[in-house]
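Participant: With full-length UniProt numbering, the residue at position 156 of the sequence shown is 156, and numbering never jumps.
I'd like to ask you about the structure that follows.
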Amino acid sequence: MLARFWIERRIAWRFMVENPLQTLLISIAIAVGTAVIIFITTLMNGLQQNTINKTLGSQPHVRLEATRLYNRLPAVRDGQILQLETMRAQPLQRIDSWQALVADLDAIPQLMAVSPVVTGPALVQKGRATASVVVNGIDPQRYEKIINLPGHMVQGRFQVGSEDVLVGSELARDLGLQAGDKLRLQAGDGRTALLRVAGIFSMGVQELDTRQLYVDLKQAQTLLNLSGGITALDVKISDIFTAREWGGRLQRLTGLHVKNWMDNNSQLLNALRSQSMTTQMIRGFVGLAVGLGIASVLAVSVVQRTREVGILRAMGSTRDQILRVFLTQGAMLGAMGAVFGMAGGYGLIYLFNNFGSRLFSVSVQAEVTITALFIAIGSGILAAALPARRASRYDPAEAIRYV
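What follows is the structure, encoded as structure tokens:
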């Protein structure tokens, strides 16, 4: 069996080297197609990952909040009492006994991080300047696993203690704040806190950089009159595209109101799906072009090798062996072009990363290279199927007489 394979491979290779120009041209075409697949797929993946990092780098994948409140107003219509529901103005709702919830969620392997958060409105004062802000009380060790705040620091350092506060770059500019300055936070009922600016961050999102403050969890609980309670649990999951599914699971598990990034960023989600669809279409069209090129070359090769095929059949080669010879030739053409295409694809990625201005860098993932290789070889085999079938059906006597 192994001997037959090597014979078939040698015959296929002999057919290829007897017409080197034809083999070179089709190999170049396959190489170009493979390089395009690698470069475009890597570029699209890099763009998608950059978009996700920019968007989800400033928000949790899933957020669990206290159950919303409703007004239930009785009404009478046609002698029947109806229950009408209208939204009630939402005060700060607290989650109690959250420590047990955190422990339960920590035990779920698919949840990469869970962090308690206290969020509420306040006024910040620096001298005569004031601004309306959103105070976020966090546990820094847990929260940095959700949002990479240390990586967004532009001044000072990531430190959230009992007297520390982190402020956004736009807010710092508006109030003239520097690391080490003092500011006063004022919440409802006259509760105030005098804090030191430990660091200034920049998320690249104006709303966040203008209005967000981060303080210690206990400081926020005191300031917002939520002693012992929190307003939300932020969750990070391993597969971001299962956020909606996990939101439903966590809602059933905890009974809390759940938000997820997919519902909060529907336009972004549509854009990401469009990018993935575009990448698949490009792969498909390039694979089709490669397949047609190989098919045309092998169709000509079958005609040129009619006499040789007849001799092989007369010497006892079966139809299946002739079929495998041309299928092997298609696979070898695909593999040869793919090897050069990989080099070309990596070269294009290198040029993209090292020359000219760019918004992000990309790196080739192993699965992209493997996919491109299989597309090239698979296209070669599929394209060779019809010409190979035709060659295997030649009548030996007529093929030998072919001029």
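For every residue, glycine included, the Cβ atom is placed at its ideal position computed from N, Cα and C.
Grab me the residues of Leu56's own chain with a C-beta within less than 8 Å of its C-beta, minus the 5 sequence neighbours each way, in chain order.
Facilitator: Position 56 of the sequence shown, counted from the first residue, corresponds to residue 56. Around Leu56: Ile240 and Trp261.
Participant: Per the contact definition of three or more C-beta pairs closer than 8 Å, is the region 184 to 194 in contact with the region 215 to 225?
Facilitator: yes
Participant: Rounded to the nearest angstrom, what separates Ser227 and Asp96 at their Cα positions?
Facilitator: Counted from its first residue, the sequence shown places residue 227 at position 227. Counted from its first residue, the sequence shown places residue 96 at position 96. Answer to the nearest angstrom: the Cα atoms are 10 Å apart.
Participant: From this set, Glu144, Arg196, Ser162 and Ala131, which residue's C-alpha is nearest Asp174's C-alpha?
Facilitator: Here residue 174 refers to the residue found at position 174 of the sequence shown. Distances from the CA of Asp174 to each of Glu144, Arg196, Ser162 and Ala131 were compared; the closest alpha carbon is that of Ala131.
Participant: How far does the beta strand (DSSP E) with Met203 in it extend, from its first residue to its last?
Facilitator: Here the question's residue 203 lines up with position 203 in the sequence shown. Premise fails: Met203 is in no beta strand (DSSP E) and is neither H nor E.
Participant: Consult DSSP for Met336 and reduce its assignment to one of helix, strand or coil.
Facilitator: What you label residue 336 is simply residue 336 of the sequence shown in a count that begins at 1. Looking at Met336 - three-state DSSP - the assignment turns out to be helix.
Participant: Report back the beta-carbon spacing between Gly33 and Gly341 to the nearest angstrom; my notes put them in contact at under 8 Å.
Facilitator: If you number the sequence shown from 1, residue 33 lands on position 33. If you number the sequence shown from 1, residue 341 lands on position 341. Right, the Cβ-Cβ distance comes to about 7 Å (below 8 Å), so this counts as a contact.
Participant: Using DSSP with H/G/I as helix, E/B as strand and the rest coil, what is Pro109?
Facilitator: Along the sequence shown, read from residue 1 onward, the residue named residue 109 stands at position 109. Three-state result, Pro109: coil.
Participant: Identify the residues that DSSP records as bridge partners of Ile237: which are they?
Facilitator: Looking up residue 237 in the sequence shown gives position 237. For Ile237, which the question treats as bridged, DSSP gives the partners Leu111.
Participant: Does DSSP put Ile7 in a helix, a strand or coil?
Facilitator: Mapped onto the sequence shown, residue 7 falls at position 7. Helix, per DSSP.
Participant: Here's the rule I'm using: 16 or more other beta-carbon atoms within 10 Å means buried, otherwise exposed. How should Phe39 be labelled?
Facilitator: Within the sequence shown, residue 39 is the residue found at index 39, counting from 1. With 16 or more Cβ atoms within 10 Å of its Cβ, Phe39 is classed as buried.
Participant: In the DSSP assignment, find the unbroken alpha helix (DSSP H) run with Thr67 in it and report its ends.
Facilitator: For the purposes of this step, residue 67 is taken as residue 67 along the sequence shown, with counting starting at 1. Run containing Thr67: none; DSSP gives neither H nor E here.
Participant: Taking 7 Å as the cut-off, decide whether the C-beta atoms of Val62 and Val235 are in contact.
Facilitator: Residue 62 sits at position 62 when you count from the first residue of the sequence shown. Residue 235 sits at position 235 when you count from the first residue of the sequence shown. Going by C-beta atoms, Val62 is nearer than 7 Å to Val235.
Participant: Evaluate the contact criterion for the region 188 to 203 versus the region 248 to 258: three or more CB pairs, one atom per stretch, below 8 Å.
Facilitator: no
Participant: Would you say the region 346 to 364 touches the region 378 to 386, given that touching needs at least three Cβ pairs under 8 Å?
Facilitator: no
Participant: Do Glu18 and Val325 have their beta-carbon atoms positioned less than 7 Å apart in this structure?
Facilitator: Start at 1 with the first residue of the sequence shown, and residue 325 comes out as number 325. Start at 1 with the first residue of the sequence shown, and residue 18 comes out as number 18. Their beta carbons are not under 7 Å apart, which means Val325 does not touch Glu18 by this criterion.
Participant: Tell me where the beta strand (DSSP E) around Gly229 begins and ends.
Facilitator: Counted from its first residue, the sequence shown places residue 229 at position 229. Looking at the DSSP string, Gly229 is not in any beta strand (DSSP E), and its letter there is neither H nor E.
Participant: Considering only DSSP beta bridges, list what Gln125 is partnered with.
Facilitator: Position 125 of the sequence shown, counting from 1, holds the residue named residue 125. Its beta-bridge partners are Thr130 and Arg184.
Participant: Compute the Euclidean distance between the alpha carbons of Ser361 and Ala391, then round it to the nearest angstrom.
Facilitator: Taking the sequence shown and counting its residues from 1, one reaches residue 361 at position 361. Taking the sequence shown and counting its residues from 1, one reaches residue 391 at position 391. Going by the C-alpha atoms only, they are around 48 Å apart.
Participant: Relative to the alpha-carbon of Gly120, which residue among Ala100, Gln206 and Arg211 has its alpha-carbon at the smallest distance?
Facilitator: As a working note, residue 120 is residue 120 in the sequence shown. Distance from the Cα of Gly120 is smallest, within the candidate group Ala100, Gln206 and Arg211, for Arg211.
Participant: Just the C-alpha distance for Leu217 and Val364, rounded to the nearest angstrom, thanks.
Facilitator: Here residue 217 corresponds to residue number 217 of the sequence shown, with the count starting at 1. Here residue 364 corresponds to residue number 364 of the sequence shown, with the count starting at 1. Roughly 41 Å separates the two Cα atoms.
Participant: Taking just the CA atoms, how far does Lys126 sit from Asn45?
Facilitator: Reading the sequence shown from its first residue, position 45 is the one you call residue 45. Reading the sequence shown from its first residue, position 126 is the one you call residue 126. Computed Cα separation, rounded: 44 Å.
Participant: In chain order, what residues of the same chain have a beta carbon less than 7 Å from the beta carbon of Val167, not counting five sequence neighbours either side?
Facilitator: Taking the sequence shown and counting its residues from 1, one reaches residue 167 at position 167. Correct list, in chain order: Leu177, Val197, Ile200 and Leu213.
Participant: If you run the structure through DSSP and keep just helix, strand and coil, what is Val197?
Facilitator: As a working note, residue 197 is residue 197 in the sequence shown. The answer is strand: DSSP assigns Val197 an E or B state.
Participant: Looking at the secondary structure, which residues open and close the beta strand (DSSP E) in which Lys259 lies?
Facilitator: Against the sequence shown, residue 259 aligns to sequence position 259. Lys259 -> beta strand (DSSP E) spans His257 to Asn260.
Participant: Who pairs with Asn136 in a beta bridge, going by DSSP?
Facilitator: Translated into the one-based positions of the sequence shown, residue 136 becomes position 136. DSSP lists Thr119 and Tyr214 as partners of Asn136.
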